[in-house]
Every structure is written in C-alpha cells, then in structure tokens.
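Reading through the structure tokens given below for one structure.
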Amino acid sequence: VFRSTMLPGTMKEVVVDYMDKHCKLQRGKNYNICYNPEFLRQDTAYEDFFVPDRVIIGEEYDGSSKLLQEIYNPLTEKIIVTSFAAAEMIKYTSNCFLSLKISFFNEIGMLCKELAIDDKAVSLGVSLEKRIGKYGTMAGKPFEGACLPKDTKALSTFIKKRGWTPDLLKVTLDINKKIEELVTKTAFSK
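So in this note's numbering the end of the sequence shown lands on 339, straight run, no missing numbers.
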C-alpha cells in the first residue's frame, strides 16, 4: 500500500503516523515497524531476491528489525540496518545513480555518433573498468522500468520542494527525454 513513493520522511510522517492513528496495538511493545526497500529488477526479480547485492532495513528502534534480519541471514551477510530516512534515501540514491549513469553513456553515445566514433567500442572499453561495470554503459536506450524514471523524477521534485536545484537529476531527465525522442524518431540504437 505504501510502495509507490517512499521519499525520505515517508515512513515517519506517513506510515508510522497512520499506524499510530489506526492500530489498537502499541508500537514498540506489540509490534515494530521496519522499512525494507526492494532492489528487484523486472527481468531478474527472483534472482535479485534470493541472491541480493545487499539488504537494507530501516528501523525505528535499535533491534526492532531483528526478526527481519533473521529472515535475510540465510540469503546474505550484507545486511545494512539504519534509520528509516537513510533506508529511504539509499533506495532513491541507488536508482538515481543508475539513471545518471545510463544518461551519461547516452550523452557519450550521441557525441560519438556526431564524431563518427564507434560508441559501442567506447562503451565496452569503459565498462571493463572494474569500478564502472557494464550495466548502463550502452548508449541508445533510455533508462526505463518501474523504478528508475519514477524515482529520478520523485527525488528531483523532492529536492525542488526544499528550495534546492537538482541540477544533475534535471540534466539526467533531460538526456533521457532526448534519447526517448531519438529512439522514437530514428534507429539510434542500431
């Protein structure tokens, strides 16, 4: 029910508040609330769940996520327990970074096309760098899926509402829109 937008502060300001108003049991005594963002890709959700890169758990009180940690212990040792807000921010930061990476390589791909350079050779050469990796380095495809566009737009709006300018996220969204238009108009990705 609370899956769609979990920006920093949502757990505390929406979920916890809702539970306090509508649950007859006492939070912290009869039940605990944790936030466990998912990092599942649409095509590999089963594998992503059972062989996770990491598990993030936001908890309200120290130790309140113990049961949830026990569920994940057989799957991974990489369990990060933190605050609600940090867990919410990890989810958005991860997706926005992937969006930025894809947009960066789309921009490089557009530049390569202008300069008659093989963008696939450039992407391959860069993706072999261990610190970068292959995901998102092939130009010609907008970032898409259920989370990347939504989370990038949501975090950008969240930042704007606080009076800051989300320069990198704005550029990322602008590049993605250009790529969507190019893919629609031409066979850019061929």
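Glycine included, C-beta positions come from ideal geometry on N, C-alpha and C. None of the values given here were measured: they were computed from a predicted structure.
Which residues share a DSSP beta bridge with residue i?
{"i": "residue 231", "result": "207"}
{"i": "residue 167", "result": "According to DSSP, which records beta bridges pairwise, residue 167 is partnered with nothing at all."}
{"i": "residue 183", "result": "208"}
{"i": "residue 176", "result": "180"}
Which two residues bound the contiguous alpha helix (DSSP H) that contains residue i?
{"i": "residue 301", "result": "297-310"}
{"i": "residue 333", "result": "316-334"}
{"i": "residue 220", "result": "215-221"}
{"i": "residue 195", "result": "194-199"}
{"i": "residue 270", "result": "268-276"}
Would you grab the beta carbon distance between residue i and residue j for me? Rounded to a whole angstrom, and I think it's under 8 Å.
{"i": "residue 308", "j": "residue 315", "result": "4 Å"}
{"i": "residue 268", "j": "residue 258", "result": "4 Å"}
{"i": "residue 240", "j": "residue 203", "result": "That belief does not hold up - the Cβ atoms of residue 240 and residue 203 are roughly 12 Å apart, past 8 Å."}
{"i": "residue 207", "j": "residue 184", "result": "4 Å"}
Can you check whether the CB of residue j is closer than 8 Å to the CB of residue i?
{"i": "residue 230", "j": "residue 214", "result": "yes"}
{"i": "residue 321", "j": "residue 301", "result": "yes"}
{"i": "residue 123", "j": "residue 160", "result": "This structure cannot settle anything about residue 123, because the visible part of the chain is limited to 150 through 339."}
{"i": "residue 255", "j": "residue 289", "result": "yes"}
{"i": "residue 156", "j": "residue 237", "result": "yes"}
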